[in-house]
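Note sheet for the following structure.
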């Protein structure tokens, strides 16, 4: 079998150093700092106003005609970066494209004033339409539209590593053959929430930041976007694409240590660095450059320096620099921006500088000077270590470098166990009061769901959690308080709980989950998306065991404004519900060896409702099967497609009817299906969700002792 | 109006319970001499930031950053001493409530 290698054939960048990849990279290598006083808004008296702001961003020039009002800066940056990447890659027309973006605050800047205003109840329908840019997933639709449509989309939030994890998701789609091209990246715009929050945490440097320097005093926030075009080697060769670099390796994992502090020894970080190298078939000595996370905070840089020294040794020839001194910390975009810079470093043979660094705290790392320099590189790493210890390392090889000897193996996925928490659940009662003291309902549901699953053994386990909105009510209370009492009295301990990935991070720390941990956000289909991403990670061998689930906690703003506004079309909503569902997934042979399998994930399908179920590959029902259909979000058109299929006569469970509509319903459906199969009387369960013209289907098969 | 020391300590403990989400704990559960961080109440540096903000809000006194701040947060007694030492500490701040 031919090695499936992932090519990077285009990059697009919007940053404080410029609104294109060439402009950004040129300024980066020259040592220009994009850091300066915040101009976008007045944050009041805060510790630091030094930020990496994208000046002169014209949303009007980027938004399609008639959409300006509802287009956020984050979306504009994502679209501009996507257009540049697509043009650089010479993406063919009508290609099968996936879009995956990391982010943390979406359209927060444009909507935070409106949502935190006391007269929310009086919000006119006309004004509430301007809130469509609020959720993280909003950028996906904008980017998809800008490139002529997407077959599959995903929004990833893992605090500050989402933009890197997006590339791992992209690789999974390509390896699975789901699409031929993926636009993978991240976008985050500056907003009051993050400026007030990071300042309240005392994490910001009042001066331009100095990653890895002995005198460093914190980070500077930034904003920007990056999009990379990824494709399979075979596609790139067949169409004669210019390959900039290869994404040969990656590792995703969590520290399960603390919601804001990194684990000081750097042990987990060095493990992930090694794992990424191993997957890429690289030795440490092959790596010419590491684009470090390097935020400029005391704790991150000390931890990261230890990890790098552990992997590369103290007399290493590997250059290390952090681009955050020049761009600021762009949060959910950072992993993608730095991946794009790493790719350009390989493609152009140029090593980015260590601006701001005068005296390193730890000797032994080979830091660059105040300006970059030319050097032919064989391979390079880009690492991202997010709040809550959610981490990702990407390994790129230069275009000229031969493929690694390892082959991509597609692994089968099993469901080990399932858990359901409905509206009557009191998740906080299942948790240790002291260790869960700051948890909101979303975090409590996530931690309780994980704790409820039966988990024999203590193997490394991850968590992929669907959260459509994050905690909007708590976020707006934080902002209202800042407005009423001023930035000095912003509650610092609240802030880490406001990022949409907080329930995933909290559950990871609570339950000691050290596998891949992140949140996905796909509005009505957040549960299905989390399940799909978790299956992908196991199938591509990035993880062995992952809890996949989704939470839809009670939230007055979601209930009154965002939920109804963003409800899927063609779905006649019953009343609104709340709840959560979880399944523990495992690589099939590992689950068998552990003696615990409820079901196998036999197939995952997605398609257009108008074309019908079989068109997307859903198998015809066989007469011998004892089967059920479980419906999550079921638009009228999905019911019609079901009636037109061979599955029409199979007894079905309609979960929206039972639980009301909520954004975690897909996860409830999948957990219900696994429980049904676990009872041993059925052979097959087909889980269906569909709205807005498209659907997803998952076919689960009972795994008996005879298998 | 001057606050008695025991009333001051009661208010400090109330601030701890409310601001640090010490669910299920009452004022009587908090030992005034015991360390707040590490082994005692098991608080961390995120709690310290929250507590500094709360003391500024409730008592109108700003807690210094770094080592000096750490000494202030040694125990309930240490916080009380710090508030008494700081001018106006034995009088509650105008907006405190």
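Residue numbers (this note's numbering), protein chains in the order written: chain A, 1 to 707; chain B, 1001 to 1097. Note that CB positions come from ideal geometry on N, CA and C, so glycine has one too. None of the values given here were measured: they were computed from a predicted structure.
Buried or exposed (CB count within 10 angstroms, at least 16 for buried), residue i
i, result
"residue 508 of chain A", "buried"
"residue 1046 of chain B", "buried"
"residue 298 of chain A", "exposed"
"residue 1031 of chain B", "exposed"
"residue 225 of chain A", "buried"
"residue 1068 of chain B", "exposed"
"residue 628 of chain A", "buried"
"residue 1076 of chain B", "buried"
"residue 1095 of chain B", "Any reading at residue 1095 of chain B must be qualified, since the residue scores a pLDDT of 44, below 50, and its modelled position is unreliable; no value is offered."
"residue 1004 of chain B", "exposed"
"residue 526 of chain A", "buried"
"residue 2 of chain A", "With a pLDDT of only 48 at residue 2 of chain A, under 50, the local geometry of the prediction cannot be trusted, and the value read off the model is given with reservation. When all chains shown are included, residue 2 of chain A counts as exposed."
"residue 615 of chain A", "exposed"
"residue 272 of chain A", "buried"
"residue 435 of chain A", "exposed"
"residue 637 of chain A", "buried"
"residue 1085 of chain B", "exposed"
"residue 41 of chain A", "exposed"
Where the beta strand (DSSP E) containing residue i begins and where it ends
i, result
"residue 744 of chain A", "Residue 744 of chain A cannot be examined here, being either before or after the span of chain A that is shown, 1 to 707."
"residue 291 of chain A", "287 to 291"
"residue 518 of chain A", "517 to 520"
"residue 319 of chain A", "319 to 321"
"residue 582 of chain A", "579 to 587"
"residue 156 of chain A", "152 to 157"
"residue 686 of chain A", "684 to 691"
"residue 274 of chain A", "Run containing residue 274 of chain A: none in the beta strand (DSSP E); it sits in the alpha helix (DSSP H), 267 to 279."
"residue 380 of chain A", "379 to 385"
Span of the alpha helix (DSSP H) around residue i
i, result
"residue 600 of chain A", "That residue, residue 600 of chain A, is in no alpha helix (DSSP H); its beta strand (DSSP E) goes 599 to 608."
"residue 341 of chain A", "334 to 348"
"residue 297 of chain A", "First-last for residue 297 of chain A: undefined, no H or E at that position."
"residue 552 of chain A", "No alpha helix (DSSP H) contains residue 552 of chain A, which is instead part of the beta strand (DSSP E) from 545 to 552."
"residue 559 of chain A", "Here residue 559 of chain A belongs to no alpha helix (DSSP H), and DSSP marks it neither H nor E."
"residue 1037 of chain B", "Unbroken run through residue 1037 of chain B: none, as it is neither H nor E."
"residue 1083 of chain B", "1076 to 1085"
"residue 1072 of chain B", "1066 to 1072"
"residue 1008 of chain B", "1005 to 1019"
"residue 25 of chain A", "21 to 30"
Chain B contact residues for residue i, given Cβ-Cβ distances below 8 Å
i, result
"residue 479 of chain A", "Chain B residues near residue 479 of chain A: none, gap ~16 Å exceeds 8 Å."
"residue 437 of chain A", "1020, 1021, 1022, 1023"
"residue 260 of chain A", "1046"
Proximal residues of chain B, C-beta to C-beta of residue i below 7 Å
i, result
"residue 488 of chain A", "1056"
"residue 201 of chain A", "1049"
Residue-level contact to chain C via CB, residue i, 9 Å cutoff
i, result
"residue 433 of chain A", "Here the protein chains are A and B, and chain C is not one of them."
Within chain B, partners of residue i - CB distance below 9 Å
i, result
"residue 103 of chain A", "None at all; the shortest Cβ gap to chain B is about 24 Å."
Amino acids of chain A, ordered along the chain, whose beta-carbon sits closer than 8 Å to that of residue i
i, result
"residue 1047 of chain B", "493"
"residue 1042 of chain B", "434"
Rounded separation between residue i and residue j - CA only
i, j, result
"residue 599 of chain A", "residue 677 of chain A", "7 Å"
"residue 501 of chain A", "residue 442 of chain A", "10 Å"
"residue 431 of chain A", "residue 447 of chain A", "8 Å"
"residue 626 of chain A", "residue 419 of chain A", "23 Å"
"residue 791 of chain A", "residue 607 of chain A", "Here chain A has residues from 1 to 707 only, and residue 791 of chain A is not among them."
"residue 346 of chain A", "residue 324 of chain A", "19 Å"
"residue 367 of chain A", "residue 292 of chain A", "11 Å"
"residue 136 of chain A", "residue 520 of chain A", "9 Å"
"residue 605 of chain A", "residue 269 of chain A", "35 Å"
"residue 306 of chain A", "residue 365 of chain A", "9 Å"
"residue 538 of chain A", "residue 300 of chain A", "29 Å"
"residue 495 of chain A", "residue 265 of chain A", "25 Å"
"residue 493 of chain A", "residue 187 of chain A", "25 Å"
"residue 296 of chain A", "residue 518 of chain A", "23 Å"
"residue 199 of chain A", "residue 482 of chain A", "12 Å"
"residue 112 of chain A", "residue 84 of chain A", "29 Å"
"residue 101 of chain A", "residue 583 of chain A", "24 Å"
"residue 738 of chain A", "residue 214 of chain A", "The structure shown does not extend to residue 738 of chain A, since chain A is modelled only from 1 through 707, so no value can be given for it."
Could you name each continuous alpha helix (DSSP H) segment of 4 residues or more that falls completely within the segment 431 to 513 of chain A, going from the start of the chain to the end? 441 to 452, 472 to 485, 502 to 511
Could you give the uninterrupted runs of the beta strand (DSSP E) lying entirely in the segment 47 to 134 of chain A, keeping only those of 3 residues or more? 50 to 52, 97 to 102
Start-end ranges of the beta strand (DSSP E) lying completely within the segment 148 to 230 of chain A, minimum 3 residues: 152 to 157, 181 to 188
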